[in-house]
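Asks:
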Amino acid sequence: MTQHFLQVEGLAKRFPGPKGKDDLTVFENIHFGIDKGEFVCIIGHSGCGKTTILNVLAGLDEASDGTVIMDGKEIYGPSLDRGVVFQGHALLPWLTTLKNVEFGVRSRWPGWSAQQIEEHSTKYLEMVGLGSALHKKPSELSGGMKQRVGIARAFAIQPKMLLLDEPFGALDALTRGTIQDELLGIVQATHQTVFMITHDVDEAILLADKIMLMSNGPYAKIAEIVEVTMPRDRTRSTIHHDPQYYRIRNHLVDFLVNRSKDFAGAAAAGHDARHPPVVRPGLEGSAEVVPMPAHLQSLSAKDADRPAPLVSKASA
Amino acid sequence: MNAKRPWLAPLLSLVFFAVFVGLWHLGTKQTVGEVIVDPEYAALIGAAAATGGQSAMPGPVDVAVKLWEHISDPFYDRGTNDKGIGIQLGHSIARVLVGFGLAALVAIPLGFVIGMSPLVYKALDPFIQVLKPISPLAWMPLALYTIKDSGISAIFVIFICSLWPMLINTAFGVAAVRKDWLNVARTLEVSRLRTAFQVILPAAAPTIMTGMRISVGIAWLVIVAAEMLVGGTGIGYFVWNEWNNLSIANIISAILFIGLIGMVLDNTLARLGRAVTYKE
Ligand SMILES: Nc1ncnc2c1ncn2[C@@H]1O[C@H](COP(=O)(O)OP(=O)(O)OP(=O)(O)O)[C@@H](O)[C@H]1O
Ligand SMILES: [Mg+2]
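Chains as they are written, first to last, in full-length UniProt numbering: chain A, 1 to 316; chain B, 1 to 280.
Structural data, given as structure tokens:
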């Protein structure tokens, strides 16, 4: 097996069940790899364990089983190598925007002078368009601005890898679009390695190189890995013109609406958790109606009376 | 509602005050004139005392005159039993501040440890539960017996009564710090000491300040009673002494000053509290 920059092997998370009952297995047998400079999104229904996986990668939570290896070293505890953008921005409300970013920068480069720290932090805040809000407290910022500060704080420590937990979940569509563009620009410029959780199919297609589809829990799995085969220089305004876009989108929606349930537990027999199927829906089929890819059809053919779902149903 | 008439509330306060003083004046005026005096009794104890001039309830004018005496010369010192009210208040304030300060030095670090460690919390909880409801004055005899100094005993009593609100609020504030903020510090590899001072302390500061405000309020309540017991100096001793002198006007003056100082202490801590409060 080729060694990826980040290698997740056999990850599992179990919570002790209520007295007398079995343990609750949120997910198990999670294997995946992320290469340097890759942008990977993970999509799945609420409660399937995405945040738990991210927290394990961040070192904030411990898995019940399995290992995570980054850059040849096993992950143990949190580290400045992995920057985290939290779901609820998690800014320190008593500090100004600038001080919030400086808080991390000081920790990353303890030897720096106050001026160096300020210059570096300011640079990253300007990068996310907050140059004019350096001395505002988080309570004086809009939701989108707060999230930008969180992003600047994570980028400013120049981590080897960035972990984002639904960073734009709480934002309105317009603000979300703007920040997505910013993130896209920064990531394209810095070749940052990113692992991101999202509920937004369009967001995933716009930003990601690979989208991991997670089946419903308990016993959630990485059902398949969708490669986004469109050229990397996408923008939000032109991406809709690419016919691949709709094929990928239909494939994702179909998974979320129809197929994500069937992977749980024993129903997933025949699914190789170590090597989840990699699919490129952008390159196959027509844009209007996409039947399930052949290898997956054979998979779900196991429940006999269930016809292969068509995507047009889901996106109607 | 009254945004257009900001003077309305103060005006109403003045009206209430005037009504109160008026009733007080009427109530005290009548009794003085109507007392029927047995001449023999009057001869025995002195006319003024017998007619109630000394011991009867003083009117607002008498109190105002006394108040003015105290304000115009607050710091005179004519021996043990005759000191200016400023000196007495000064002693009380000093005791409160020393006792309260010592309590803060113990309660805040200890509260930090309790708030951060569920184990320490569980281990200390029974002691706190038993010690907290004890009236601070119940410690007084024990303090006098062991310390053998009335002044320090009073400070000890203040220390004990200030301890609990600060301890409990600090522990609560520290334990309730948002997990997200601690996780931020962890992912940024911020040292434990820096996390304590730059994340936990500012996050818990408003709760800690609330505890301090409650403590100083209780301390100011308790100091009067404590000084009545230990005697010597202080506003509590002053009140008790004037009771023995049957000088009701002095007692009322002292009560007013106690209230005013209490208000100043409370406002000061409320202001400090606002300074460390943050909006989320
Ligand atoms: N302390 C706990 N004890 C028991 N079960 C837990 C605990 N913490 C989380 N879980 C369970 O673990 C599962 C995964 O939670 P997680 O937060 O990772 O979901 P998620 O995929 O991020 O969901 P969402 O999309 O809603 O954020 C949930 O079903 C939750 O009920
Ligand atoms: Mg989540």
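The beta-carbon is built from N, C-alpha and C at its ideal position, and this holds for glycine as well.
(1) Check whether the Cβ of K221(A) sits closer than 7 Å to any heavy atom of ligand 1, and report yes or no.
(2) To be precise: take each residue of the region 66 to 93 of chain A, compare its Cβ to all Cβ atoms of chain B, and keep it if any distance is under 9 Å. Which residues remain?
(3) Between which two residues does the beta strand (DSSP E) harbouring C41(A) extend?
(4) In the region 82 to 131 of chain A, which residue ranges form an unbroken alpha helix (DSSP H) of at least 4 residues, counting only runs that do not cross its ends?
(5) If you pair each beta-carbon of the region 167 to 182 of chain B with each one of the region 64 to 84 of chain A, do three or more pairs fall below 8 Å?
(6) Leaving out five residues on either side along the sequence, give the residues of the same chain with a beta carbon under 8 Å from the beta carbon of A208(A).
(7) Going along the chain, which residues of its own chain have a beta-carbon closer than 6 Å to the beta-carbon of D81(A), five neighbours each way excluded?
(8) Quick check on R247(A): does DSSP put it in helix, strand or coil?
(9) Start and end of the alpha helix (DSSP H) containing M140(B)?
(10) Say the cut is 7 Å; is the CB of T25(A) nearer than that to a heavy atom of ligand 1?
(11) Name the DSSP beta bridge partners of I195(A), please?
(12) Give the range of the alpha helix (DSSP H) segment to which R14(A) is assigned.
(13) Comparing C-alpha positions only, which one of L283(A), H199(A) and D242(A) sits nearest to H45(A)?
(14) Using a Cβ-Cβ distance under 8 Å, would L201(B) count as near chain A?
(15) What residue from V128(A), F15(A) and F27(A) has the CA that sits closest to G217(A)'s CA?
(16) Where DSSP assigns a beta bridge to K136(A), which residues make up the other side?
(17) CB of S64(A) to nearest heavy atom of ligand 1: below 7 Å?
(18) If we call anything under 8 Å between Cβ atoms a contact, is A249(B) one with P58(B)?
(19) Going straight from the alpha carbon of L14(B) to that of L23(B), what length do you get?
(20) For a test of your reading of the model: does the CB of Q87(A) fall under 7 Å from any non-hydrogen atom of ligand 2? Yes or no.
(21) Would R218(B) and I108(B) qualify as a contact pair, given that the criterion is a beta-carbon distance under 8 Å?
(22) At a CB-CB cut-off below 8 Å, which residues of chain A make contact with W181(B)?
(23) Mind checking whether the beta-carbon of I53(A) lies closer than 7 Å to any heavy atom of ligand 2?
(24) Specify whether the region 190 to 209 of chain B and the region 66 to 85 of chain B touch according to this definition: at least 3 beta carbon pairs, one from each stretch, less than 8 Å apart.
(25) Applying a beta-carbon distance threshold of less than 9 Å, which residues of chain B neighbour G143(A)?
(26) May I ask you to check if the CB of residue 317(A) is nearer than 7 Å to at least one heavy atom of ligand 2?
(27) Return yes when the C-beta of S260(A) is under 7 Å from any heavy atom of ligand 1, and no when it is not.
(28) Is K99(A) a contact residue of ligand 1, with contact defined as CB to any heavy atom under 7 Å?
(29) Leaving out five residues on either side along the sequence, give the residues of the same chain with a beta carbon under 8 Å from the beta carbon of L260(B).
(30) Quick one: is A165(A) buried, meaning 16 or more other Cβ sit within 10 Å of its Cβ, or exposed?
(31) Does DSSP put V228(A) in a helix, in a strand, or in coil?
(32) Consider the Cβ of T187(B): report whether some Cβ of chain A lies at a distance smaller than 8 Å.
(33) Using 8 Å as the Cβ pair cut-off and three pairs as the minimum, do the region 246 to 257 of chain A and the region 268 to 282 of chain A touch?
(34) Have a look at D82(B) and W243(B) and give me their C-alpha separation to the nearest angstrom.
(35) For a contact defined as C-beta to C-beta under 7 Å, what are the partners of E104(A) on chain B?
(36) Say yes only if the C-beta of G20(A) is nearer than 7 Å to one or more non-hydrogen atoms of ligand 1, and no if none qualify.
Replies: So, from the listed chains and residues:
(1) no
(2) G77, P78, S79, L80, R82, G83, V84, F86, Q87, G88, H89, A90, L91, L92 and P93
(3) F39 to G44
(4) 97 to 108 and 114 to 127
(5) no
(6) F39, V40, C41, M196 and V228
(7) P159 and K160
(8) helix
(9) M140 to I147
(10) no
(11) One point to set straight first is that residue 195(A) is Phe, not Ile, in the sequence displayed. Paired residues: V40(A) and L163(A).
(12) Counting along the chain, R14(A) falls outside any alpha helix (DSSP H), though it belongs to the beta strand (DSSP E) covering L6 to F15.
(13) H199(A)
(14) no
(15) F27(A)
(16) Answer by DSSP bridge pairing: none, since K136(A) is not bridged.
(17) no
(18) yes
(19) 14 Å
(20) yes
(21) A small correction: the amino acid at residue 218(B) is Ile; Arg does not occupy that position in the sequence shown. Against a cut-off of 8 Å, the Cβ pair of I108(B) and I218(B) comes out as no contact.
(22) A90 and L92
(23) no
(24) no
(25) Chain B residues near G143(A): none, gap ~13 Å exceeds 9 Å.
(26) The shown model of chain A, from 1 to 316, leaves out residue 317(A), and the question about it has no answer.
(27) no
(28) no
(29) none
(30) Ala is not the amino acid found at residue 165(A); the sequence shown has Asp there. When all chains shown are included, D165(A) counts as buried.
(31) coil
(32) yes
(33) yes
(34) 14 Å
(35) A small correction: the amino acid at residue 104(A) is Gly; Glu does not occupy that position in the sequence shown. Chain B residues near G104(A): L188.
(36) no
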